[in-house]
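K.L.:
Those protein sequence lines, which keep their order, are chains A and B. Under the numbering used here, residues 1 to 189 are what the first sequence spells out, in order. Under the numbering used here, residues 1001 to 1189 are what the second sequence spells out, in order. Note that the Cβ used here is the ideal one computed from N, Cα and C, for glycine as well. Keep in mind it's a predicted model, so treat the numbers as computed, not measured.
There are 2 protein chains.
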Amino acid sequence: MATVNSYTRIMPTPDRTSLPAIVDAACSLLESEGLPGLTMQAVADRVGVRAPSLYKRVQGRDELLRLVAEATLTALGSRLGGSETVSELAKGFREFGHERPVAFQLVMTPGAGSPVARDEFGAVASEPTLRIAASLAGEEHALDAARMLTAWATGFVSMELNGNFRLGGDVEEAWEFGVTRLAAALAAR
Amino acid sequence: MATVNSYTRIMPTPDRTSLPAIVDAACSLLESEGLPGLTMQAVADRVGVRAPSLYKRVQGRDELLRLVAEATLTALGSRLGGSETVSELAKGFREFGHERPVAFQLVMTPGAGSPVARDEFGAVASEPTLRIAASLAGEEHALDAARMLTAWATGFVSMELNGNFRLGGDVEEAWEFGVTRLAAALAAR
DNA sequence: ACCTGAACACCGTTCAAGT
DNA sequence: ACCTGAACACCGTTCAAGT
């Protein structure tokens, strides 16, 4: 039958998965199983194909990790987008870290060897911070101020997530102390 | 011959390596090959035994990583010990990160799944920071101030090492900006 | 008592063969 | 054109067998 024939010629095997499905599965696995649990095998199982099939859509695990990092940066950027004050911005940043600790660390403090997101994704994620830094410290100090703010918040949340606050005291209070003093420091002239 | 007999009974095979030698080799490999390059095989090669022999001295790769992290914290603590000002302390911290980037990140921003140094090693490393924070912000704010300082410095150096300052500008200036404003912020009352 | 070869389970990745 | 089984190199780890 001609119909079957041309059909099989045009579409010998229908797609059984897609790149977005693969990245979604990887994001989900990353958070539920941790970075070591994000294996090609596990991703393949999630999307319903065999591991070698993934290589039709991604070059390898490193590229997949990069795509996960970029998706995370996009989510972070839109999460911070509506912020209007430093404390609001910092709070959203911290909450994001608590909600998606593994992805947060993959993006903000990846170990050596991990892939780096392409520039445009980092730029989008840092736009809200730059905007608020500028309004606080002035345009001429916007970049320095944004870097100070991001560095502090990244370090704080990272230490929190890694359980590095082990000398007692109130971590919540330490956060408030930091936000308050930082806002004052950035506004200083 | 009785001599040979008792000798072989007491010391059937002489030790061909030691725990310090293994940890040293691991520290060196970590920095030269990166975390993925720190394999049991590579460590075994360095110290001149086969990989299975390492398990006579360490429980596994995770414990070895923990010992490396603890050795790094000890080195960091003695490096910062002599500091007398915030900028001096911060500078030493940053230099340490530049000299041993992989070990620095293993200790300060390990990914999930990596082992955590035992409390006493973290306490020793943070003592100099606590001391200077207290002198600046007063005893009642020492812990909060130390956490603010450590978070900022950790985040800054981590972002530097990961190439996360990609919006142009002068990174050196951003560091100076941060140290200056931070010192002022901590001293504020 | 320490060391080793052999083995196991599990990775990422490649590729020829299927449809 | 996509998918798969089989294979390869390389991990961490275990263990019986050597000395």
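1. Under 8 angstroms between C-beta atoms, does P101/A make it to chain B?
2. Just how far apart, CA to CA, sit R1147/B and T154/A?
3. Quick check on the burial criterion: 16 or more other C-beta atoms within 10 angstroms. Buried or exposed for H1141/B?
4. Using the three-state DSSP reduction, which class does T85/A fall into: helix, strand or coil?
5. With DSSP as the reference, label V43/A as helix, strand or coil.
6. If I measure Cβ to Cβ from S1135/B and keep anything under 6 angstroms in the same chain, skipping five residues before and after, which residues do I get?
7. Kindly list, in the order they appear in chain B, the residues whose Cβ is closer than 7 angstroms to that of P110/A.
8. Since E1054/B is in the alpha helix (DSSP H), which residue starts that stretch and which ends it?
9. Compute the Euclidean distance between the alpha carbons of D170/A and F156/A, then round it to the nearest angstrom.
10. My guess is that V23/A and S87/A are in contact by the Cβ rule of under 8 angstroms, so how many angstroms apart are they, rounded?
11. Distance cutoff 8 angstroms, beta carbons only. Does S1126/B sit that close to anything in chain A?
12. For a contact meaning CB atoms closer than 9 angstroms, what does S1158/B contact in chain A?
13. Among R50/A, R118/A, A137/A, which has the Cα closest to the Cα of G1163/B?
14. For A21/A, which of R94/A, A71/A, R181/A has the nearest alpha-carbon?
15. I'd like to know if E1173/B contacts chain A, where contact means its C-beta is closer than 8 angstroms to some C-beta of that chain.
16. Quick one: which chain B residues come within Cβ less than 8 angstroms of D191/A?
17. Around the C-beta of E172/A, are 16 or more other C-beta atoms found within 10 angstroms, so that it is buried, or is it exposed?
18. Q105/A touches chain B at which residues, Cβ-Cβ below 8 angstroms?
19. So, is the C-beta of A1002/B closer than 8 angstroms to a C-beta in chain A?
20. At the 8 angstroms Cβ level, is D119/A part of the contact set with chain B, yes or no?
21. For R100/A versus E31/A, is the C-beta distance shorter than 8 angstroms?
22. Measuring alpha carbon to alpha carbon, tell me which of A1187/B, V1116/B, R1131/B, A1174/B ends up nearest M159/A.
23. Report the residue ranges of all alpha helix (DSSP H) runs contained in full by the region 1142 to 1178 of chain B; include only those spanning at least 4 residues, in chain order.
24. Considering only C-alpha positions, which residue in the set Q1041/B, T1039/B, V1049/B is nearest to T1013/B?
25. Classify T1129/B: buried if its beta carbon has 16 or more other beta carbons within 10 angstroms, exposed otherwise.
26. Given a cut-off of 8 angstroms, decide if V1102/B and A112/A are closer than it, judged by their beta-carbon atoms.
P.N.:
Looking at the coordinates:
1. As a first step, residue 101/A must be located in the first sequence, where it is residue number 101. At least one CB of chain B lies nearer than 8 angstroms to the CB of P101/A.
2. Against the second sequence, residue 1147/B aligns to sequence position 147. Against the first sequence, residue 154/A aligns to sequence position 154. Computed Cα separation, rounded: 12 angstroms.
3. Locating residue 1141/B in the second sequence gives position 141, counting from the first residue. The residue is buried, with at least 16 neighbouring Cβ atoms inside 10 Å.
4. In the first sequence, the residue the question calls residue 85/A occupies position 85. Looking at T85/A - three-state DSSP - the assignment turns out to be coil, as it is neither helix nor strand.
5. By 1-based counting over the first sequence, the position of residue 43/A is 43. In the structure shown, V43/A sits in a helix (DSSP, three-state: H, G or I).
6. Residue numbering aside, residue 1135/B sits at position 135 when the second sequence is read from its first letter. Closer than 6 angstroms at the Cβ level, and outside the excluded window around S1135/B, lies no residue.
7. Along the first sequence, one-based indexing puts residue 110/A at 110. Near P110/A (Cβ distances below 7 angstroms), the residues of chain B are N1162.
8. Walking along the second sequence from the start, residue 1054/B turns up at place 54. A quick correction: the sequence has Leu, not Glu, at residue 1054/B. Element bounds for L1054/B: n/a, residue is neither H nor E.
9. The residue given as residue 170/A occupies position 170 in the first sequence. The residue given as residue 156/A occupies position 156 in the first sequence. Approximately 13 angstroms, taken between the alpha carbons.
10. In the first sequence, counting from the first residue as 1, residue 23/A sits at position 23. In the first sequence, counting from the first residue as 1, residue 87/A sits at position 87. Going by Cβ atoms, the distance from V23/A to S87/A rounds to 33 angstroms, so no, they are not a contact pair.
11. Numbered from its first residue, the second sequence carries residue 1126/B at position 126. Yes, its Cβ sits closer than 8 angstroms to a Cβ of chain A.
12. To locate residue 1158/B, count along the second sequence from 1; it is residue 158. Those within 9 angstroms of S1158/B in chain A are M108, T109, A151, T154, G155, S158.
13. Counting from 1 along the second sequence, the entry for residue 1163/B is found at position 163. Checked all of R50/A, R118/A, A137/A; the closest Cα to G1163/B is R118/A.
14. For the purposes of this step, residue 21/A is taken as residue 21 along the first sequence, with counting starting at 1. It is A71/A whose Cα lies nearest to the Cα of A21/A.
15. In the second sequence, counting from the first residue as 1, residue 1173/B sits at position 173. E1173/B counts as touching chain A.
16. The structure shown does not extend to residue 191/A, since chain A spans only 1 to 189, so no value can be given for it.
17. The residue you call residue 172/A lines up with position 172 of the first sequence. Under this definition E172/A is an exposed residue.
18. Numbered from 1 along the first sequence, position 105 holds the residue referred to as residue 105/A. Here the neighbours are T1109, G1111, A1112.
19. Position 2 of the second sequence, counted from the first residue, corresponds to residue 1002/B. With a pLDDT of 32 at A1002/B, under the threshold of 50, the predicted position of this residue should be treated as unreliable, though the coordinate-derived value follows. Taking Cβ atoms only, chain A never reaches closer than 8 angstroms to A1002/B, which makes this a no.
20. As a position in the first sequence, residue 119/A is number 119, starting the count at 1. Chain B, which has a Cβ nearer than 8 angstroms to the Cβ of D119/A, makes this yes.
21. Translated into the one-based positions of the first sequence, residue 100/A becomes position 100. Translated into the one-based positions of the first sequence, residue 31/A becomes position 31. A contact, by the Cβ cut-off of 8 angstroms.
22. For this step, residue 159/A is matched to residue 159 along the first sequence. Nearest C-alpha to M159/A: V1116/B.
23. Runs of the alpha helix (DSSP H) lying entirely within the region 1142 to 1178 of chain B, each at least 4 residues long, are 1142 to 1161 in chain order.
24. If you number the second sequence from 1, residue 1013/B lands on position 13. Here the closest residue by C-alpha is V1049/B.
25. Indexing the second sequence from 1 puts residue 1129/B at position 129. With 16 or more other Cβ atoms within 10 Å, it is buried.
26. For this step, residue 112/A is matched to residue 112 along the first sequence. For this step, residue 1102/B is matched to residue 102 along the second sequence. Taking 8 angstroms as the Cβ cut-off, A112/A and V1102/B qualify as a contacting pair.
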